[in-house]
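Note sheet for the following structure.
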Amino acid sequence: EQAHERATRSNAMATCFYHVFRGLSACLFDDGAALLAHSSAATSLTDVISAFYPTALIRFLSAMSAAYQLRATNGSDGGARSALQAQLDTAADWLGARAADAPSNFAALHALVDAERLDIDGKPWEAMQAFERAIGLAHRRAWHCALANERLGLFLLRRGLDTYAHRTLARALGLYRDWGAQGKVCQ
Numbered sequence: 007e008q009a010h011e012r013a014t015r016s017n018a019m020a021t022c023f024y025h026v027f028r029g030l031s032a033c034l035f036d037d038g039a040a041l042l043a044h045s046s047a048a049t050s051l052t053d054v055i056s057a058f059y060p061t062a063l064i065r066f067l068s069a070m071s072a073a074y075q076l077r078a079t080n081g082s083d084g085g086a087r088s089a090l091q092a093q094l095d096t097a098a099d100w101l102g103a104r105a106a107d108a109p110s111n112f113a114a115l116h117a118l119v120d121a122e123r124l125d126i127d128g129k130p131w132e133a134m135q136a137f138e139r140a141i142g143l144a145h146r147r148a149w150h151c152a153l154a155n156e157r158l159g160l161f162l163l164r165r166g167l168d169t170y171a172h173r174t175l176a177r178a179l180g181l182y183r184d185w186g187a188q189g190k191v192c193q
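Numbering (our numbering), first residue to last: 7 to 193.
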């Protein structure tokens, strides 16, 4: 991986794609530090890519990184929280606009970000409905569906709903296995 980074350092587009897909990996493996690093690096390089879907992934990763950091700060440093909330809201709004134009491509990602945002805002019932919406909309994209199920399972665990959480996490594990994500299955 380090050799690849060195080899592509002079190619901004390749570097951007590297950070997009490493950020996605960090998101799937719930690695907040790597998610922050790679989503920030990809965001700074957004202008060098011309592909639309990876641009959407950058916005999605930016939102998930902000959500991860907002949960970690847990009420401290109001200025930092405001900036993270703005980052989350901006990415969610951007994804919402894309979801309106192309729902089969972006609606599940938007619903998942919306669920995370509602959870952070202390609206668990609305968050659970948004997680369910994300799962329903993700049926055509295996990793969207697996990640939405996993995030719902973790949400349920945080609320002490262990029986439902474990069932949902087991479903996510099966979806990751079906997708061929053996590294995630072994996690």
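Cβ atoms here follow ideal geometry from the backbone N, Cα and C, with glycine treated the same way. Predicted model, so just to flag it, every value in this text is computed and none were measured.
- Rounded to whole angstroms, the gap between the alpha carbons of H172 and G159 is 7 Å.
- Under the three-state reduction of DSSP output, H172 falls in the helix class.
- Our two residues, T169 and A69, have alpha carbons roughly 28 Å apart in a direct line.
- In this structure, the CA atom of A97 is about 32 Å from the CA atom of A9.
- The region 124-181 contains, as complete alpha helix (DSSP H) runs of 4+ residues, the segments 130-143, 148-164 (chain order).
- With fewer than 16 other CB atoms across the displayed protein chains lying within 10 angstroms of its CB, C192 is exposed.
- For G186, there is no enclosing alpha helix (DSSP H), as DSSP marks it with neither H nor E.
- Per DSSP, F27 is one residue of the alpha helix (DSSP H) stretching across 18-34.
- Here DSSP, grouped into helix, strand and coil, assigns E11 to helix.
- Counted as a single uninterrupted DSSP element, the alpha helix (DSSP H) harbouring Q91 occupies residues 84-107.
- Residue I55 holds the alpha-carbon nearest to the alpha-carbon of N17 among P60, D120, I55.
- With respect to the 8 Å criterion, I64 and A48 are classified as neighbours on the basis of their beta carbons.
- Annotation for E132: L124 place their beta carbon closer than 6 Å to its own, counting only its chain and skipping 5 residues before and after.
- Separation of the CB atoms of A62 and L101 is rounded to 7 Å, and the pair is thereby assigned contact status at 8 Å.
- A residue is called buried when at least 16 other Cβ atoms come within 10 angstroms of its Cβ; F161 meets this threshold and is buried.
- DSSP places N111 within a helical segment (H, G or I) once states are collapsed to three.
- In this structure, the alpha-carbon of A106 lies about 8 Å from that of A113.
- In the same chain as A148, and ignoring 5 residues on each side of it, the C-beta atoms closer than 7 Å to its own belong to L181, D184, W185, in chain order.
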